[in-house]
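Shown next, in structure tokens, is the structure this report addresses.
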Amino acid sequence: MGNQGYPRRGNFSVKMLPAAMRLFWLPILKLAYSSRLSWDRDAYLEANPDVASALLENRISSSWAHFACNGVFEGRKWWSDSRVPRFQGSGSSRYCLDPWAYLEISASGRVRPCCNYHDLEDLTSGDPAASSVRDAESFVRLRESLLHGDLSHRCRTCHIRSALPPEQLQAVIRTALHRPMGDIAKAGPLRSVRVDINERCNLRCIYCASSQPGYSGVEMSEEVFTCCERFISVQEGRITIVLNGHGETTFHPRWVEYFDRLARFGHRMALVSNFAKRFDNAELDALARFDLIEVSLDSANEDLMRRIRRHVSVSTITRNIEAVRTQAARLGIREPKISFSTGIYHPVVWELEEFADFAAALKARSVTFWNLRQYKPPEGASIEVTSLNRLEASRKIKATAVLRRLREKLSASGIPFVFFGDFHDESGTPLL
Numbered sequence: 003m004g005n006q007g008y009p010r011r012g013n014f015s016v017k018m019l020p021a022a023m024r025l026f027w028l029p030i031l032k033l034a035y036s037s038r039l040s041w042d043r044d045a046y047l048e049a050n051p052d053v054a055s056a057l058l059e060n061r062i063s064s065s066w067a068h069f070a071c072n073g074v075f076e077g078r079k080w081w082s083d084s085r086v087p088r089f090q091g092s093g094s095s096r097y098c099l100d101p102w103a104y105l106e107i108s109a110s111g112r113v114r115p116c117c118n119y120h121d122l123e124d125l126t127s128g129d130p131a132a133s134s135v136r137d138a139e140s141f142v143r144l145r146e147s148l149l150h151g152d153l154s155h156r157c158r159t160c161h162i163r164s165a166l167p168p169e170q171l172q173a174v175i176r177t178a179l180h181r182p183m184g185d186i187a188k189a190g191p192l193r194s195v196r197v198d199i200n201e202r203c204n205l206r207c208i209y210c211a212s213s214q215p216g217y218s219g220v221e222m223s224e225e226v227f228t229c230c231e232r233f234i235s236v237q238e239g240r241i242t243i244v245l246n247g248h249g250e251t252t253f254h255p256r257w258v259e260y261f262d263r264l265a266r267f268g269h270r271m272a273l274v275s276n277f278a279k280r281f282d283n284a285e286l287d288a289l290a291r292f293d294l295i296e297v298s299l300d301s302a303n304e305d306l307m308r309r310i311r312r313h314v315s316v317s318t319i320t321r322n323i324e325a326v327r328t329q330a331a332r333l334g335i336r337e338p339k340i341s342f343s344t345g346i347y348h349p350v351v352w353e354l355e356e357f358a359d360f361a362a363a364l365k366a367r368s369v370t371f372w373n374l375r376q377y378k379p380p381e382g383a384s385i386e387v388t389s390l391n392r393l394e395a396s397r398k399i400k401a402t403a404v405l406r407r408l409r410e411k412l413s414a415s416g417i418p419f420v421f422f423g424d425f426h427d428e429s430g431t432p433l434l
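To convert a position in the sequence shown, counted from 1, into my numbering, add 2.
Shown next as structure tokens:
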């Protein structure tokens, strides 16, 4: 990255920008640096490591000066995935970009904007190759409701995305889509699509919806999968295809074939799996070719996981990770990045520091922590799980201390991490 065009040392003012630029981007610049949103220097530098290097080498004056003079015009993120901007006040909208850049396709062919929302359209009706499904009226209404803070019940009660004022979401969207002017209710380029090829699962986790009475998961049929192929074939640019679902992808009898057919499009391939079964050679060949594998595991405690997740062995998961890496070496290809998707709740919260050591020993590339959405435990459960916000006050204080030490441990190990979920108690006090 060269010096040309970058602001040098000294004070910066928006008035330094050309008039046309000020008119075009001033609303975003004012909002990003207003008292309602503290400029998060660390978040911007984390999201843009080349800018961090330039600042360290004294080639730019500040992160804000770079954003105002260069970053905003380049569509640079001024937030990061692991450091949500410090939006002040609860706000009437959600910090959510999913309806603009993300899509989920269920095993039955229905499409939704995220895992927390209901189905909006059907990919199997009409022309499945038409990417316009994301600009159907139902999706536009959802995006408009987020932009104006007129949220549906699903969005108001979302346990994943944090609240913020709608005008701040508008600034994020305009920057992310590089649309300083014009309609931002339209979908942006698709960045990631989740294909739920299987809603049946080989586990019966006591906190999961799939363990509830009456839950009936389905496997994706050839007809629906063909519609997925047609939809993906018309997407522009390189996207991420995530094989995932409310069940277990590798429990589908044709999952290897489906992976091969999607991989031929040349997109990034990711998998979320419980990694609880023993894989044969054909499955290991497929697993070795993923770009990213996110292993769903809440604790390294063998007994605890057996009681909570049932039919699972931590040692089997560890062996599977090593087997995939060995298979990649045999094939002469780069091994998949291994990360973890980890729930935070009682009682696993008390084991999280040991889990950080476990993740470091397995050379995990990242960890995503999520907040528990509690369901009624199934009959016969030998242990009770509880979300943090339902703990008594003294235990909440202890849990907050554990989470602080967890973050310190992961940071010291160089493992990136992110917390998804509204980690607040009923009074609004943050637990992180």
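Glycine is no exception: its CB is placed at the ideal position from the N, C-alpha and C atoms.
- In the same chain as Phe-253, and ignoring 5 residues on each side of it, the C-beta atoms closer than 7 Å to its own belong to Asn-200, Arg-202, Cys-203 and Asn-204, in chain order.
- In this structure, DSSP gives His-426 an extended state, which the three-state scheme calls strand.
- Within the same chain, Cβ atoms closer than 6 Å to the Cβ of Leu-179 are found at Gly-190, the five residues on either side in sequence being excluded.
- Within the same chain, Glu-106 come within 7 Å of Cys-117 by CB-CB distance, once the 5 residues on both sides are set aside.
- Counting C-beta pairs with one atom in each stretch, the segment 327 to 344 and the segment 381 to 397 have fewer than three that are closer than 8 Å, which means they do not touch.
- Straight across, the Cα-Cα distance linking Pro-432 with Phe-425 is about 6 Å.
- Taking all protein chains shown into account, Thr-251 has 16 or more neighbouring C-beta atoms within 10 Å of its C-beta and is therefore buried.
- Nearest C-alpha to Ala-272 among Ile-243, Ala-288 and Leu-264: Ile-243.
- If you compare the alpha carbons of Val-197, Phe-357, Leu-294 and Arg-143 with that of Arg-263, the shortest gap goes to Val-197.
- Less than 8 Å divides the Cβ of Ala-361 from the Cβ of Val-369.
- Closest in alpha carbon position to Arg-291, among Ser-415, Phe-357, Ala-330 and Ser-55, is Ala-330.
- When secondary structure is reduced to three states using DSSP, Asn-322 falls in the helix class.
- In the DSSP assignment, Trp-257 falls outside any beta strand (DSSP E) and lies within the alpha helix (DSSP H) extending over 257 to 265.
- If only uninterrupted alpha helix (DSSP H) runs of at least 4 residues are considered, those enclosed by the segment 335 to 422 are 354 to 363 and 395 to 415.
- If you ignore the 5 residues before and after Leu-47, its C-beta comes within less than 8 Å of the C-beta of Val-53, Ala-54, Leu-57 and Ser-65, all in its own chain and listed in chain order.
- Going by beta carbons, Val-297 and Ser-317 fall outside the 8 Å limit.
- In terms of Cβ geometry, Leu-306 and Tyr-347 do not form a close pair [threshold 8 Å].
- Leu-286 and Ser-343 have their C-alpha atoms spaced approximately 20 Å apart.
- Annotated as proximal: Pro-115 and Phe-141, with beta-carbon spacing under 8 Å.
- Cβ-Cβ distances below 6 Å link Ile-295 to Leu-273, Pro-338 and Ile-340 in the same chain, with the five nearest sequence neighbours on each side left out; the list follows chain order.
- Glu-221 has Asn-200 as its beta-bridge partners, per DSSP.
- Around the beta carbon of Met-222, 16 or more other beta carbons sit within 10 angstroms, so the residue counts as buried.
- In this structure, Ala-288 places its C-beta atom within 8 Å of the C-beta atom of Phe-261.
- Take Asp-124, set aside five residues on each side of it, and the residues of its chain with a beta-carbon closer than 8 Å to its own are Gly-111, Arg-112 and Val-113, in chain order.
- In the structure shown, Met-271 falls within a strand segment according to DSSP collapsed to helix, strand and coil.
- Counting other Cβ atoms within 10 Å of its Cβ, Arg-145 reaches 16 or more and is therefore classed as buried.
- Every unbroken stretch of the beta strand (DSSP E) spanning 3 or more residues and falling wholly within the segment 110 to 197 is given here in chain order: 112 to 114 and 194 to 197.
- Comparing alpha-carbon positions, the option among Arg-78, Thr-402, Arg-163 and Leu-245 lying closest to Arg-181 turns out to be Arg-78.
- If you draw a straight line from the Cα of Asp-152 to the Cα of Asp-185, it comes to about 18 Å.
- Ile-234 carries a helical assignment under DSSP once its states are collapsed to helix, strand and coil.
- Taking C-beta separations shorter than 8 Å and ignoring five residues to either side along the sequence, the partners of Lys-365 in its chain run Ile-340, following chain order.
- Ranked by Cα distance from Ser-127, the first of Leu-408, Thr-228, Phe-357 and Arg-280 is Thr-228.
- Residues of the same chain with a CB within less than 8 Å of the CB of Glu-304, apart from the 5 flanking positions on each side, are Ser-315, Val-316 and Ser-317 in chain order.
- In this structure, Ala-103 and Leu-245 do not form a Cβ contact; the two beta carbons are roughly 18 Å apart against a cut-off of 8 Å.
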